[in-house]
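Asker: In the working numbering, the protein residues as written are 875 to 1491.
All C-beta atoms in this analysis are idealised placements derived from N, C-alpha and C, irrespective of residue type, glycine included.
#1: If we count Cβ pairs, one from each stretch, closer than 8 Å, do we get three or more for the stretch 1205-1219 versus the stretch 1312-1322?
#2: If residue 1168 and residue 1134 are in contact, beta carbons under 8 Å, what's the gap, nearest whole angstrom?
#3: Since residue 1176 sits in a beta bridge, which residues does DSSP pair it with?
#4: Buried or exposed: residue 1011, going by 16 or more other Cβ atoms within 10 Å of its Cβ?
#5: Are there three or more Cβ pairs, one per stretch, closer than 8 Å when the stretch 1274-1286 is compared with the stretch 1354-1373?
#6: Nearest to residue 1083 by alpha carbon, out of 1075, 1071, 1101?
#7: Might you give, ordered along the chain, the residues of its own chain that have their beta carbon closer than 6 Å to the beta carbon of residue 1222, omitting 5 neighbours on each side?
#8: DSSP three-state call for residue 1029: helix, strand or coil?
#9: Please confirm if the stretch 1399-1417 is in contact with the stretch 1461-1469, defined as three or more CB-CB distances below 8 Å between the two stretches.
#10: Secondary structure at residue 1352, three-state DSSP: helix, strand or coil?
#11: Specify, as a first and last residue, the run of the alpha helix (DSSP H) that residue 943 falls within.
#12: Once the 5 residues before and after residue 1052 are set aside, which same chain residues still bring their CB inside 6 Å of it?
#13: Nearest CA to the CA of residue 988: which residue from 898, 1346, 918, 1008?
#14: Below 6 Å CB to CB, which residues in the same chain sit around residue 1086 once its five sequence neighbours on both sides are set aside?
#15: Who are the Cβ neighbours of residue 1376 in its own chain at under 8 Å, not counting the five residues just before and after it?
#16: Would you call the stretch 1056-1063 and the stretch 1239-1256 touching, i.e. three or more CB-CB distances under 8 Å?
#17: Going by CA-CA distance only, name the one from 926, 911, 966 that's closest to residue 936.
#18: Could you say which of 877, 903, 943 lies nearest to residue 889 if we only look at CA atoms?
#19: Can you round the beta-carbon distance between residue 1107 and residue 1123 to whole angstroms, since I take them to be within the 8 Å contact cut?
#20: Between which two residues does the beta strand (DSSP E) containing residue 906 stretch?
#21: So, for residue 1025: in the same chain, excluding its five sequence neighbours on each side, which residues have a beta-carbon less than 8 Å away from its beta-carbon?
#22: For the stretch 1422-1436 against the stretch 1386-1393, do three or more pairs of beta-carbon atoms, one drawn from each stretch, fall closer than 8 Å, so that the two count as touching?
#23: Return the first residue and the last residue of the alpha helix (DSSP H) that residue 990 is part of.
#24: Give me, in chain order, the residues of the same chain whose beta-carbon lies closer than 8 Å to that of residue 1449; leave out the 5 immediate sequence neighbours on both sides.
#25: What are the uninterrupted segments assigned as beta strand (DSSP E) that are 3 or more residues long and contained completely in the stretch 1406-1468, given in chain order?
#26: Measuring CA to CA, which of 933, 940, 895 is closest to residue 884?
#27: Compute the distance between the beta-carbons of residue 1442 and residue 1457, then report whether it is under 8 Å.
#28: Identify every residue that forms a DSSP beta bridge with residue 1274.
#29: Alpha carbons only, please: which of 1077, 1032, 1365 is nearest the one belonging to residue 1374?
#30: Which parts of the stretch 1044-1114 are runs of the alpha helix (DSSP H), unbroken and 4 residues or longer, counting only runs that do not cross its ends?
#31: Starting from residue 1379, trace the beta strand (DSSP E) both ways and give me its first and last residue.
#32: So for residue 936, helix, strand or coil by DSSP?
#33: Hey, quick one: how far does the alpha helix (DSSP H) through residue 922 stretch, first residue to last?
#34: With residue 1327 and residue 1352 assumed to form a contact (beta carbons below 8 Å), what rounded beta-carbon distance in angstroms separates them?
#35: Report buried or exposed for residue 1312, applying the criterion of at least 16 other Cβ atoms within 10 angstroms of its Cβ.
#36: Judging by CA-CA distance, which residue of 1188, 1187, 1163, 1156 is the nearest neighbour of residue 1179?
Here it is as structure tokens:
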């Protein structure tokens, strides 16, 4: 924990607990009025200390009686939005109890951390935590979402006094579990956790907000950069920084503050909140403009050359801009470049001495589908990642590599999901099926064996996705080479013996680059994991014997982690024989190298004399 923390000792009995906390809170200071110890800073009185320092620290950890803790801090408590986190631990170290600022100040999380350090129980009393509900006042804090309240058509910062009053009323409604709508307008970090932890009284909707029937709801939560009409229903906006603003400026545009005000007004008039702007972008020639300097105090600003800008197709090019700047567009082109080939959500808007356009990255909006390429792991359904399993559970379509991925991995599909094997499909048929669901706004999982980026044949699929500007993401998986190391109980990197792993294949129907011939890579004597090569094992063995000794350990690993897993050990001169005698074909990984079953060569990482960032003394 990197918070500025004070550990308050009420008595000497708490000193061992304080010492156990220090490794987790290296910046913490131990304070006491009575305890004499060289690790403890003595203070004359807690009253004087808190009077001067209560709001200078992020957190206080009391070790001792709750009553003393409460009486010590009571005179200095001001507001939950500004007060530090306070946690009290009993002197036996059995309980860690948040006393102040559970949500906003982080005392609940601090209590959990403290409890984990000392083997205590965190006693969380806030209602949202006890009922499994979200804490609306801190929702999205770790992702830097801006929180705005909306009542009567006005949007008010949740950090203002009026915002505090409103959000407390909305929290009360939420805790009473009134019918609540969660509108997810953009796919950003944090959204998946909300999907996974959604309370029963909350309905999640995507796509166009205007198409949602609001009549059943008494509270609306929105994750979006845009402002919508919530039909008089109280609303909380969570605004992530997902938009990229492009700006064109007249020379010495000003007054500067007036231009900034007009830019904000332009965004507001188009139902965009400035808090959603991640950065601004413009042409290099405007780098020294006073307005740009002012913007840089609030936002990152990207600069592009005229040559870069003129490569971007825009809806409203300008001959005047072309004449003076050498590019037909500044604001629109800059916004699109900053968004990395996204799309405009606000075409060029003209002000008195500026132009403004706004873009969003591709695939962020939820008004179309999404494709998640998921690594299934080596085969055992328990070895798919937590995220991978979550993706499968929410998918509308699961298209899995049926020849390589056990169907059991798809058994977690939600009711109504379509589950198809791609074993009999060519690339065009696979893409057509995915696009059909994508165009309907569905969530699609393309399930590949192992890690999809290692011999997963996903590049050609991503070419299609890029061509059609489709939203996609990759969830990695455990590769079979990692499963092989675990099954062989072997560390593939041995200090002073072998420190590299080569992932490769033999040359079959797919030619190998000349520089990657097996015999050339074998010269390093690295641990070599050879995929897709059981059918050409004679050739593989012949090439490897050019560099490896014939008694080099080998392992032929078939269906790693599957129910019918088989592993055969031997030496290199017998590799072909092992594969053929045991009829090993598809899904066989060949491992070669001295690392197999090796127990020689010890790491110095845990040696007592080895110092590093976390163990200096």
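Answerer: Short version:
#1: no
#2: Indexing the chain shown from 1 puts residue 1168 at position 294. Indexing the chain shown from 1 puts residue 1134 at position 260. Right, the Cβ-Cβ distance comes to about 6 Å (below 8 Å), so this counts as a contact.
#3: Taking the first residue of the chain shown as position 1, residue 1176 is located at position 302. Looking at the DSSP assignment, residue 1176 forms a beta bridge with 1155.
#4: Here residue 1011 is taken as the residue at index 137 of the chain shown, counted from 1. Buried is the call here.
#5: no
#6: As a working mapping, residue 1083 is identified with position 209 in the chain shown. The shortest Cα separation from residue 1083 among 1075, 1071, 1101 belongs to 1101.
#7: For this step, residue 1222 is matched to residue 348 along the chain shown. Cβ within range, chain order: 1190, 1205, 1206, 1229, 1231.
#8: Position 155 of the chain shown, counted from the start, is the residue given in the question as residue 1029. Residue 1029: strand per DSSP, three-state reduction.
#9: yes
#10: Your numbering for residue 1352 matches position 478 in the chain shown. Three-state DSSP puts residue 1352 in coil, outside helix and strand.
#11: For this step, residue 943 is matched to residue 69 along the chain shown. Residue 943 -> alpha helix (DSSP H) spans 940-947.
#12: On the chain shown, position 178 is the one that residue 1052 refers to. Closer than 6 Å at the Cβ level, and outside the excluded window around residue 1052, lie 1092, 1093.
#13: One-based indexing of the chain shown puts residue 988 at position 114. Comparing Cα-Cα distances from residue 988 to each of 898, 1346, 918, 1008, the minimum goes to 898.
#14: Locating residue 1086 in the chain shown gives position 212, counting from the first residue. Result list for residue 1086: 1079, in chain order.
#15: The sequence position of residue 1376 within the chain shown is 502, counting from 1. Within the same chain, residue 1376 has close Cβ partners 1395, 1398, 1400, 1401, 1402, 1403.
#16: yes
#17: Numbered from 1 along the chain shown, position 62 holds the residue referred to as residue 936. If we check each option's Cα against that of residue 936, 966 comes out closest.
#18: What you label residue 889 is simply residue 15 of the chain shown in a count that begins at 1. Residue 903 is the option with its Cα nearest to residue 889.
#19: Indexing the chain shown from 1 puts residue 1107 at position 233. Indexing the chain shown from 1 puts residue 1123 at position 249. With a Cβ gap of about 40 Å, residue 1107 and residue 1123 do not count as contacting.
#20: Against the chain shown, residue 906 aligns to sequence position 32. Where residue 906 is concerned, the enclosing beta strand (DSSP E) stretches over 903-906.
#21: For the purposes of this step, residue 1025 is taken as residue 151 along the chain shown, with counting starting at 1. Counting only Cβ-Cβ distances below 8 Å, and skipping sequence neighbours, we find 1040, 1108, 1109.
#22: no
#23: Within the chain shown, the letter at position 116 stands for residue 990. From DSSP, the alpha helix (DSSP H) with residue 990 extends over 981-992.
#24: Reading the chain shown from its first residue, position 575 is the one you call residue 1449. Closer than 8 Å at the Cβ level, and outside the excluded window around residue 1449, lie 1411, 1414, 1415, 1418, 1428, 1430, 1464, 1466.
#25: 1427-1432, 1440-1445, 1462-1466
#26: Here residue 884 is taken as the residue at index 10 of the chain shown, counted from 1. Taking only the C-alpha atoms, the option nearest residue 884 is 940.
#27: Residue numbering aside, residue 1442 sits at position 568 when the chain shown is read from its first letter. Residue numbering aside, residue 1457 sits at position 583 when the chain shown is read from its first letter. Going by C-beta atoms, residue 1442 is not nearer than 8 Å to residue 1457.
#28: Mapped onto the chain shown, residue 1274 falls at position 400. Its beta-bridge partners are 1295, 1321.
#29: If you number the chain shown from 1, residue 1374 lands on position 500. The option with the nearest alpha carbon to residue 1374 is 1365.
#30: 1065-1070
#31: In the chain shown, residue 1379 corresponds to position 505, counting from 1. First-last of the beta strand (DSSP E) with residue 1379: 1375-1379.
#32: The sequence position of residue 936 within the chain shown is 62, counting from 1. Strand, per DSSP.
#33: In the chain shown, counting from the first residue as 1, residue 922 sits at position 48. Element bounds for residue 922: 920-927.
#34: The sequence position of residue 1327 within the chain shown is 453, counting from 1. The sequence position of residue 1352 within the chain shown is 478, counting from 1. 12 Å between Cβ atoms; not a contact.
#35: In the chain shown, residue 1312 corresponds to position 438, counting from 1. Buried is the call here.
#36: As a first step, residue 1179 is located in the chain shown; it is residue number 305 there, counting from the start. Checking every option, the nearest Cα to that of residue 1179 belongs to 1156.
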